[in-house]
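Student: I'd like to ask some things about the structure below.
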Amino acid sequence: WQYFYLYVILDVFSRYVVGWLLADHESAELAEQLIAESCHKQGIARDQLVLHADRVAAMTAKSMAHLLTDLGIEQSHSRPYTPDDNPFSEAQFKTMKYRPDYPQRFDSQEHAYAWARAFFPWYNHEHHHVALGLLTPATVHFGQATEVIAKRQATLDAAYALHPERFVQGAPVPPPLPTAVWINPPTHPDAAFPTMAELPSLAQLPLPQSG
Numbered sequence: 001w002q003y004f005y006l007y008v009i010l011d012v013f014s015r016y017v018v019g020w021l022l023a024d025h026e027s028a029e030l031a032e033q034l035i036a037e038s039c040h041k042q043g044i045a046r047d048q049l050v051l052h053a054d055r056v057a058a059m060t061a062k063s064m065a066h067l068l069t070d071l072g073i074e075q076s077h078s079r080p081y082t083p084d085d086n087p088f089s090e091a092q093f094k095t096m097k098y099r100p101d102y103p104q105r106f107d108s109q110e111h112a113y114a115w116a117r118a119f120f121p122w123y124n125h126e127h128h129h130v131a132l133g134l135l136t137p138a139t140v141h142f143g144q145a146t147e148v149i150a151k152r153q154a155t156l157d158a159a160y161a162l163h164p165e166r167f168v169q170g171a172p173v174p175p176p177l178p179t180a181v182w183i184n185p186p187t188h189p190d191a192a193f194p195t196m197a198e199l200p201s202l203a204q205l206p207l208p209q210s211g
């Protein structure tokens with residue numbers, strides 16, 4: 001038997017997979033490479049991001065802590081013996097493994113890579129996520145949710161105007177998008193956090209400088 005390791009970085013709010021890597025071994029160096037490349041591609045500025053991960057060796061290595069410090073990223077880990085501290089990642093992997101075309105086994109690393117390369121674009125751009133009001137992760141991640149929800153509402157309004165008798169519960173509305181997502185919700189009842197309208201879009205964020 002040979003095992004392959006799939007590294008995945010998931011944006012918790014949008015569920016968008018911002019980076020992934022398939023390898024035949026687990027190492028801090030590979031994880032660091034993926035994190036650095038993903039942050040650059042996403043235009044992540046310093047003091048903007050919290051990276052939550054399990055307590056695997058690659059994510060608790062000193063070199064990983066140094067990289068995150070250099071990138072200005074706050075580090076967070078699941079509590080020991082608490083598997084549900086990383087539910088969003090677990091849900092994404094469940095979605096992957098329950099796909100109809102997920103094989104019982106991969107014949108080679110190339111086979112596994114080809115399957116993953118087809119899966120992640122589907123997951124990001126075609127999968128209508130229940131927790132996102134049936135929007136795709138890409139729609140939410142790239143700030144298109146408001147526009148899509150408005151179009152859905154217009155379609156529902158038109159249907160209701162033509163046949164109100166079909167809607168026994170009144171005028172329909174599309175499922176809402178969550179305003180906040182937490183791994184561990186804050187305990188202070190008066191804690192104030194920015195709304196989605198107050199958060200910067202990717203286009204507004206400064207790109208990291210090279211050199």
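Counting from 1, one number per residue, gives the positions in the sequence shown under our numbering. All residues carry an ideal CB built from backbone N, CA and C; glycine is no exception.
1. Based on Cα-Cα distance, which residue from L68, E32, Q42, F13 lies nearest to S89?
2. Between the C-alpha atoms of M64 and I73, what's the straight-line distance to the nearest angstrom?
3. For the alpha helix (DSSP H) containing Q75, name the first residue and the last one.
4. Going by beta-carbon coordinates alone, are L132 and P174 separated by less than 9 Å?
5. Specify whether the stretch 13–24 and the stretch 53–72 touch according to this definition: at least 3 beta carbon pairs, one from each stretch, less than 8 Å apart.
6. With DSSP as the reference, identify every bridge partner of G19, one or two as the case may be.
7. Give the single residue among P100, L71, A61, Q33 whose Cα lies nearest to the Cα of H77.
8. Taking the alpha-carbon positions, what's the D107 to Y123 distance?
9. If I follow the unbroken alpha helix (DSSP H) through V140, where does it start and stop?
10. Opposite A53 in the DSSP bridges: which residues?
11. Can the beta-carbon of L30 be found closer than 9 Å to that of C39?
12. Need the endpoints of the alpha helix (DSSP H) that E32 sits in, please.
13. Out of P80, A118, M59, state which residue places its alpha-carbon closest to the alpha-carbon of M96.
14. Look at E126 and T136 and say whether their C-beta atoms are less than 9 Å apart.
15. Quick one: residues in its chain with C-beta nearer than 8 Å to the C-beta of R152, no 5 flanking neighbours on either side, listed in chain order?
16. Just to confirm, is the Cβ distance from D24 to H141 under 9 Å?
17. Applying the criterion that 16 or more other CB atoms from any shown protein chain within 10 Å of the CB defines a buried residue, is A158 buried or exposed?
18. Can you give me the start and stop residues for the alpha helix (DSSP H) that Y113 sits inside?
19. Please report the residue range of the alpha helix (DSSP H) in which Q2 lies.
20. Between the Cα of Y102 and the Cα atoms of W115, E110, Q92, A91, which residue gives the shortest distance?
21. If you count every other CB in all the chains shown that lies within 10 Å of the CB of R46, and 16 or more means buried, which is it?
22. So, helix, strand or coil for H66, using DSSP?
Tutor: The answer reads as follows:
1. In the sequence shown, residue 89 corresponds to position 89, counting from 1. If we check each option's Cα against that of S89, F13 comes out closest.
2. Translated into positions along the sequence shown, residue 64 becomes position 64. Translated into positions along the sequence shown, residue 73 becomes position 73. Whole-angstrom Cα-Cα distance: 11 Å.
3. Along the sequence shown, read from residue 1 onward, the residue named residue 75 stands at position 75. Annotation: Q75 is outside any alpha helix (DSSP H); the continuous beta strand (DSSP E) that includes it extends over 74–77.
4. As a first step, residue 132 must be located in the sequence shown, where it is residue number 132. As a first step, residue 174 must be located in the sequence shown, where it is residue number 174. Their beta carbons are not under 9 Å apart, which means L132 does not touch P174 by this criterion.
5. no
6. For the purposes of this step, residue 19 is taken as residue 19 along the sequence shown, with counting starting at 1. Answer by DSSP bridge pairing, in chain order: I9.
7. Within the sequence shown, numbered from 1, the residue matching residue 77 stands at position 77. Among P100, L71, A61, Q33, the Cα nearest to that of H77 belongs to A61.
8. Mapped onto the sequence shown, residue 107 falls at position 107. Mapped onto the sequence shown, residue 123 falls at position 123. If you take the alpha carbons of D107 and Y123, they lie about 23 Å apart.
9. Residue numbering aside, residue 140 sits at position 140 when the sequence shown is read from its first letter. Run containing V140: 137–141, per the alpha helix (DSSP H) assignment.
10. Against the sequence shown, residue 53 aligns to sequence position 53. In DSSP, A53 forms a bridge with H77.
11. For this step, residue 30 is matched to residue 30 along the sequence shown. For this step, residue 39 is matched to residue 39 along the sequence shown. Contact: no.
12. In the sequence shown, residue 32 corresponds to position 32, counting from 1. Counting along the chain, the alpha helix (DSSP H) containing E32 begins and ends at 28–42.
13. Locating residue 96 in the sequence shown gives position 96, where the first residue counts as 1. For M96, the nearest C-alpha among the options comes from A118.
14. By 1-based counting over the sequence shown, the position of residue 126 is 126. By 1-based counting over the sequence shown, the position of residue 136 is 136. In this structure, T136 lies closer than 9 Å to E126 by Cβ.
15. Taking the sequence shown and counting its residues from 1, the one referred to as residue 152 is at position 152. Apart from the 5 residues on each side of it in sequence, R152 sits with its Cβ closer than 8 Å to the Cβ of P174 in its chain, given in chain order.
16. Here residue 24 refers to the residue found at position 24 when the sequence shown is read from its first residue. Here residue 141 refers to the residue found at position 141 when the sequence shown is read from its first residue. Not closer than 9 Å, so no.
17. Locating residue 158 in the sequence shown gives position 158, where the first residue counts as 1. That one is exposed.
18. Counting from 1 along the sequence shown, the entry for residue 113 is found at position 113. Element bounds for Y113: 109–125.
19. Locating residue 2 in the sequence shown gives position 2, where the first residue counts as 1. Careful: Q2 lies outside any alpha helix (DSSP H) and carries neither H nor E.
20. As a first step, residue 102 is located in the sequence shown; it is residue number 102 there, counting from the start. Proximity to Y102 across W115, E110, Q92, A91 peaks at W115, based on C-alpha coordinates.
21. Walking along the sequence shown from the start, residue 46 turns up at place 46. Exposed: under 16 other Cβ atoms inside 10 Å.
22. The residue given as residue 66 occupies position 66 in the sequence shown. Note: H66 maps to helix in three-state DSSP.
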